[in-house]
Amino acid sequence: MSLQTTSTPADFEALAQTDLSGTTCVVLDILRATSSMITALANGAEQILPVATIEEALAAKAEHPEALLCGERNGLRITAAQTGGTEFDLGNSPREYTAEMVAGKTLITTTTNGTRALRACVNAEHTLVASFLNLTATTDYLRTAKPSRLVIVCGGTYEEAALEDTLAAGAIAESVWDLFDECDDASQAARLLFASAPVEETLPQAKNAQRLLSLPDLAEDVEHCLQSDRYPFTATVAANGMIQRNA
Ligand code: MLT
5 MSLQTTSTPA
15 DFEALAQTDL
25 SGTTCVVLDI
35 LRATSSMITA
45 LANGAEQILP
55 VATIEEALAA
65 KAEHPEALLC
75 GERNGLRITA
85 AQTGGTEFDL
95 GNSPREYTAE
105 MVAGKTLITT
115 TTNGTRALRA
125 CVNAEHTLVA
135 SFLNLTATTD
145 YLRTAKPSRL
155 VIVCGGTYEE
165 AALEDTLAAG
175 AIAESVWDLF
185 DECDDASQAA
195 RLLFASAPVE
205 ETLPQAKNAQ
215 RLLSLPDLAE
225 DVEHCLQSDR
235 YPFTATVAAN
245 GMIQRNA
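The opening residue of the sequence shown carries number 5 in my numbering; numbering runs sequentially from there.
What follows is the structure, given as structure tokens:
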């Protein structure tokens, strides 16, 4: 029973080429991709298709014309100028994903790191989408399922590790630590960081948090993404690649 944590986008390629049979992956992109996905599902979104590129998003839209195009580049909603004429419907602020906007809808989303992290787990037996918003539901699932191999995949920020993702990885590692007899140092480091101080003290030191807090229109995203267990459900990637809410 092994527990591993990956921290940066540099790990995605190796993960995608790894034999992940019998493996459960938990993907974290706290600011803000997985927080936005969980918020959208909480507000009634039917399903979410994560794709790695804008081109893939536009191709998926052609197959699902009723779907909403969502996502960001450099933290901001993707515009017609970036796509050759198609304006995305939503950006990547969780506060945009209201019931009015998303209830009953299929969402297609591409973000800088979070959706790439999800695509890197395509060969896993199970892939869960996690955030602070649904952390306990996720760890409760893991403690019941007892996967033989668990990989916590952090989205990171640009090409670097993201403090907020490491904090959430540490919270998960702490919660399931006793289930595993082989834990890598990245998981141990995340666990020790999480135990070192309250999240609300540590998280504002994250570069991505500081960037969002400096943008008046996005500053409130940080507080939203920091909420503990506001949405008590798990979310998994189905065989067709769609993220769906469980119960
Ligand atoms: C990401 O997926 O890299 C982040 O969530 C980007 C963002 O929302 O600013």
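Glycine included, every Cβ here is placed at the ideal spot set by N, Cα and C.
Whole angstroms are fine: how far does the CA of residue j sit from the CA of residue i?
i      : j      : result
Ala233 : Glu67  : According to the sequence provided, residue 233 is Asp. The question's Ala does not apply to it. So the two alpha carbons sit approximately 34 Å from each other.
Asp200 : Leu171 : Rather than Asp, the amino acid found at residue 200 in this sequence is Ser. Their Cα atoms are separated by approximately 10 Å.
Leu139 : Pro236 : 8 Å
Glu227 : Asp23  : 37 Å
Leu132 : Thr238 : 7 Å
Cys187 : Pro151 : 13 Å
Ala251 : Met105 : 21 Å
Ile176 : Leu222 : 26 Å
Asp189 : Tyr162 : 23 Å
Ala242 : Thr119 : 15 Å
Gln209 : Glu76  : 23 Å
Does at least one heavy atom of the ligand MLT sit under 6 Å from the Cβ of residue i?
i      : result
Glu76  : yes
Ala37  : yes
Asn250 : no
Thr114 : no
Asn138 : no
Asp15  : no
Asn117 : yes
Asn127 : no
Asp93  : no
Gly33  : Per the sequence shown, the amino acid found at residue 33 is Asp instead of Gly. Flag set: Cβ of Asp33 near the ligand MLT.
Is the CB-CB distance between residue i and residue j below 7 Å?
i      : j      : result
Glu168 : Leu35  : yes
Cys74  : Leu111 : yes
Met246 : Gln51  : yes
Cys158 : Ser11  : yes
Ala134 : Leu197 : no
Asn117 : Gly160 : yes
Arg195 : Glu178 : yes
Glu164 : Gly26  : no
Leu72  : Lys109 : yes
Ala49  : Val55  : no
Ala166 : Asn212 : yes
Val326 : Cys29  : Because the chain in this structure spans residues 5 to 251, residue 326 falls outside the shown range and cannot be described.
Asn96  : Thr83  : no
(request) Examine the Cβ distances between the region 86-103 and the region 39-52 and report whether three or more of them are shorter than 8 Å. (result) The region 86-103, when compared against the region 39-52, does touch it at the 8 Å Cβ threshold.
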